[in-house]
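Read the structure below first, then the notes.
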Amino acid sequence: MTPQMIADIQSSWLAALAAPGDITAVFYDRLFATAPQVRPLSRNNLALQRLKLADTLATVVEELDNFERLRGTVADLGRRHVRYGARPEHYAAVGEALIWALERHLGPDFTDDARNAWTEAIRLLVGIMIDATRAAPAR
1 MTPQMIADIQ SSWLAALAAP GDITAVFYDR LFATAPQVRP LSRNNLALQR LKLADTLATV
61 VEELDNFERL RGTVADLGRR HVRYGARPEH YAAVGEALIW ALERHLGPDF TDDARNAWTE
121 AIRLLVGIMI DATRAAPAR
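Put into structure tokens, the structure is as follows:
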């Protein structure tokens, strides 16, 4: 990822946090509407799940400029999600729901450059998560 892509992600994430409403609620509403098969994977209280998602996204956004450290964080995340029942085919719905939530939450402030940067980041991170589960399956 280029420094500009990282900057676009970081600035759009900060804008999403500053915007009224809860982007994680928008995300989960979209995810469960488009991929109801993933709803049973959210075993926690949904409010707690939203907090975990916000924390995870904040960590990812913050670590984008230290990709080797981020790689380890994301690989661990992938291995944990396998234990929850996540499968590779679920990640497309998650990525789509995140982009959709950012669009809805930020409106015209979610630029094409930001969309492209988020799409590339999601592609890279999902690849790391899936590769980690293949290299060391969850026990």
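The numbers in UniProt numbering rise by one with no breaks, and the one at position 68 of the sequence shown is 68.
We put the beta carbon where it would ideally sit given N, CA and C, even for glycine.
Which of the three DSSP states, helix, strand or coil, is assigned to residue i?
{"i": "residue 140", "result": "Because the chain in this structure spans residues 1 to 139, residue 140 falls outside the shown range and cannot be described."}
{"i": "ARG30", "result": "helix"}
{"i": "ALA93", "result": "helix"}
{"i": "SER12", "result": "helix"}
{"i": "ARG39", "result": "helix"}
{"i": "PRO3", "result": "helix"}
{"i": "ARG104", "result": "helix"}
Leaving aside the five residues before and after residue i along the sequence, list all residues of the same chain whose C-beta is less than 8 Å from its C-beta, in chain order.
{"i": "THR56", "result": "LEU77"}
{"i": "PRO3", "result": "ASP65"}
Is it buried or exposed, residue i, if we count other Cβ atoms within 10 angstroms and call 16 or more buried?
{"i": "ALA58", "result": "exposed"}
{"i": "ALA33", "result": "exposed"}
{"i": "ALA135", "result": "exposed"}
{"i": "THR111", "result": "exposed"}
{"i": "PHE67", "result": "exposed"}
{"i": "LEU14", "result": "exposed"}
For the alpha helix (DSSP H) containing residue i, list its first residue and its last residue.
{"i": "ARG83", "result": "67–84"}
{"i": "residue 141", "result": "This structure gives no information on residue 141, because the portion of the chain shown stretches from 1 to 139."}
{"i": "VAL61", "result": "46–63"}
Which residues in the same chain have their Cβ closer than 7 Å to the Cβ of residue i, if we skip the five residues on either side of it in sequence?
{"i": "LEU31", "result": "VAL38, ALA93, VAL94 and ALA97"}
{"i": "LEU70", "result": "VAL60, GLU63 and LEU64"}
{"i": "PRO108", "result": "none"}
{"i": "ILE128", "result": "ARG71, VAL74, ALA75 and GLY78"}
{"i": "TRP100", "result": "ARG30"}
Counting only the same chain and skipping the five closest in sequence on each side, list residues whose C-beta sits under 6 Å from that of residue i.
{"i": "HIS90", "result": "VAL38"}
{"i": "ALA35", "result": "ALA93"}
{"i": "GLN10", "result": "VAL61"}
{"i": "VAL126", "result": "TYR91"}
Below 8 Å, can you find three or more Cβ-Cβ pairs linking the stretch 17–26 to the stretch 80–89? no
Within the chosen definition, does the stretch 38–49 reach the stretch 113–120 through at least 3 CB pairs nearer than 8 Å? no
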